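Undergrad: With the working numbering, the residue at position 48 of the sequence shown is 48, and numbering never jumps.
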Amino acid sequence: MRAFGVAICACIIAFVLIIMARGTNPYAQDLMNTFALPSSEHLLGTDYLGRDIAARAARGTLNSVLYAAASVLGSMTLGTFLGISGAWAGGRTESVLLATTDFIMAFPGLLFALFVGGLFKLGAWPIVMSLILTAWAEYCRMSRAIARIVMARPYVEAGVICGYPSSFLIRKYIFPEIVAQIATLASFGMAKSILYISSLNFVGIGLTPPVPELGAMISESLPYIRRHPFIVVPPSALMSLFVFALILIASKTEKRSDKFESERLF
Numbered sequence: 001m002r003a004f005g006v007a008i009c010a011c012i013i014a015f016v017l018i019i020m021a022r023g024t025n026p027y028a029q030d031l032m033n034t035f036a037l038p039s040s041e042h043l044l045g046t047d048y049l050g051r052d053i054a055a056r057a058a059r060g061t062l063n064s065v066l067y068a069a070a071s072v073l074g075s076m077t078l079g080t081f082l083g084i085s086g087a088w089a090g091g092r093t094e095s096v097l098l099a100t101t102d103f104i105m106a107f108p109g110l111l112f113a114l115f116v117g118g119l120f121k122l123g124a125w126p127i128v129m130s131l132i133l134t135a136w137a138e139y140c141r142m143s144r145a146i147a148r149i150v151m152a153r154p155y156v157e158a159g160v161i162c163g164y165p166s167s168f169l170i171r172k173y174i175f176p177e178i179v180a181q182i183a184t185l186a187s188f189g190m191a192k193s194i195l196y197i198s199s200l201n202f203v204g205i206g207l208t209p210p211v212p213e214l215g216a217m218i219s220e221s222l223p224y225i226r227r228h229p230f231i232v233v234p235p236s237a238l239m240s241l242f243v244f245a246l247i248l249i250a251s252k253t254e255k256r257s258d259k260f261e262s263e264r265l266f
């Protein structure tokens, strides 16, 4: 299943690269050629403004993935750093950190992103920042829990007693134990971020027109979906397949990491 997920991702990436290599302008309008059927010139036809659907879908996929990757990278880095730091510091610092993560995880991330996007209306980066501020708590709690387990092991305690630098102990013993679980969480987070960004652009929050994005393309197609249903298929299929592939990869990675942990313990 993991290989199947990787194959789907590879096919989507190949599609994006091939379409972008053709050099078709995703912003060029041709009002005399609206709702054209697929042809050699327009592989997936044209939309209500005569724009090439394939070029816009490829650029929209790239935009969705880039902004989702930025949000996942930011939340993963911030959450992992705070989780390890809180576990190492312990005491009141750790208690405050846990209380903060509880508060953030109880607040709906999509609702916060809607609030930020509606407040600033400056494009996709406020959305990315809002996703980072709501998603880092998951990485923080996971990295903190694993760090506490590793810190209780005899060789780590011996290193602390012998006076080894904390940076060395974290880099040598704690961080390698966290990588597999964080990678699994990041894959799930990537799928969730793509859905969040597409959902926000669907309601008009995020990238400003005419910049293509998968959710925005679906929203633009709704008034014409009864007479020309094919125009909504490419962005919907690309988003669904990419999210499905990421979930397959994450699920398989999670099973492998759990198996490795059980074998190592027993």
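Backbone N, C-alpha and C define an ideal beta-carbon position, used for all residues, glycine too. If you're wondering where the values come from, they're calculated on a predicted model, not measured in any experiment.
Measuring CB to CB, does PRO229 end up less than 9 Å from ILE218?
TA: No, these two residues do not count as a Cβ contact at 9 Å.
Undergrad: May I have a chain-ordered list of the alpha helix (DSSP H) segments no shorter than 4 residues that lie completely inside the stretch 119 to 207?
TA: Qualifying alpha helix (DSSP H) stretches, in chain order: 125 to 151, 154 to 161, 166 to 169 and 175 to 202.
Undergrad: Does the beta-carbon of ASN25 have 16 or more other beta-carbons within 10 angstroms, so that it is buried, or is it exposed?
TA: Per the 10 Å Cβ criterion, exposed.
Undergrad: Counting Cβ pairs closer than 8 Å, one from the stretch 181 to 194 and one from the stretch 67 to 84, do we hit at least three?
TA: Contact between the stretch 181 to 194 and the stretch 67 to 84 is present, because at least three Cβ pairs lie under 8 Å.
Undergrad: Flag this pair as yes or no: are the beta carbons of PRO212 and ALA57 separated by less than 9 Å?
TA: Taking 9 Å as the Cβ cut-off, PRO212 and ALA57 qualify as a contacting pair.
Undergrad: Which ranges would you report for the alpha helix (DSSP H) in the stretch 208 to 235 if only whole runs of at least 4 residues count?
TA: Segments of the alpha helix (DSSP H) lying fully in the stretch 208 to 235: 214 to 221.
Undergrad: At which residues does the alpha helix (DSSP H) containing THR80 begin and terminate?
TA: Element bounds for THR80: 53 to 89.
Undergrad: Can you tell which of THR100, SER39 and LEU49 has the C-alpha that lies nearest to the C-alpha of LEU133?
TA: Comparing Cα-Cα distances from LEU133 to each of THR100, SER39 and LEU49, the minimum goes to THR100.
Undergrad: If you follow the alpha helix (DSSP H) that MET32 is part of, which residue opens it and which one closes it?
TA: It is not in any alpha helix (DSSP H) - MET32 carries neither H nor E in the DSSP assignment.
Undergrad: Would you call the CB atoms of ALA36 and GLY23 closer than 9 Å?
TA: Not in contact: ALA36 and GLY23 (Cβ atoms no closer than 9 Å).
Undergrad: So within the stretch 5 to 41, which uninterrupted beta strand (DSSP E) runs reach at least 3 residues, ignoring any that extend past its ends?
TA: Listed in chain order, there is nothing to give.
Undergrad: Would SER221 and ASP47 qualify as a contact pair, given that the criterion is a beta-carbon distance under 9 Å?
TA: Yes. Within cutoff.
Undergrad: Below 8 Å on the Cβ atoms is my guess for GLY109 versus ALA135; work out the distance and round it to an integer in Å.
TA: That pair is a contact at about 6 Å.
Undergrad: For TYR173, I'd like the list of residues in its chain whose CB is within less than 8 Å of its CB, leaving aside the five on either flank, ordered along the chain.
TA: Same-chain partners within the cutoff: VAL150, ARG153, TYR155, VAL156 and GLY159.
Undergrad: If we ignore side chains and look at the alpha-carbon of each, how far apart do GLY276 and PHE244 end up?
TA: The structure shown does not extend to residue 276, since the chain is modelled only from 1 through 266, so no value can be given for it.
Undergrad: Among residues of its own chain, excluding the 5 on either side of ARG141, which ones have a beta-carbon nearer than 7 Å to its beta-carbon?
TA: If we look at ARG141 and ignore the five residues flanking it on each side, its Cβ neighbours are GLY83 and THR101.
Undergrad: Using the rule of at least 16 other Cβ atoms within 10 Å of the residue's Cβ for burial, across every protein chain shown, is ARG59 buried or exposed?
TA: Looking at its Cβ environment, which holds 16 or more other Cβ atoms inside 10 Å, ARG59 is buried.
Undergrad: Figure out for me which residue from MET105, ASP52, PHE188 and ARG148 has the closest Cα to the Cα of ASN33.
TA: For ASN33, the nearest C-alpha among the options comes from ASP52.
Undergrad: Buried or exposed: which applies to PHE242, given that a residue is buried once 16 or more other Cβ atoms fall within 10 Å of its Cβ?
TA: So PHE242 ends up on the buried side.
Undergrad: Please state whether DSSP places GLU261 in a helix, a strand or coil.
TA: Summary for GLU261: the model assigns pLDDT 46, below 50, so the residue's position carries little reliability; its value from the coordinates is reported in the next sentence. Note: GLU261 maps to helix in three-state DSSP.
Undergrad: Whose C-alpha, out of SER39, ALA28, THR80 and ILE19, is nearest the C-alpha of ALA183?
TA: The candidate whose alpha carbon is nearest that of ALA183 is THR80.
Undergrad: Going by other Cβ atoms of all chains shown within 10 Å of its Cβ, with 16 needed for buried, is ARG144 buried or exposed?
TA: Buried, by the Cβ-count rule.
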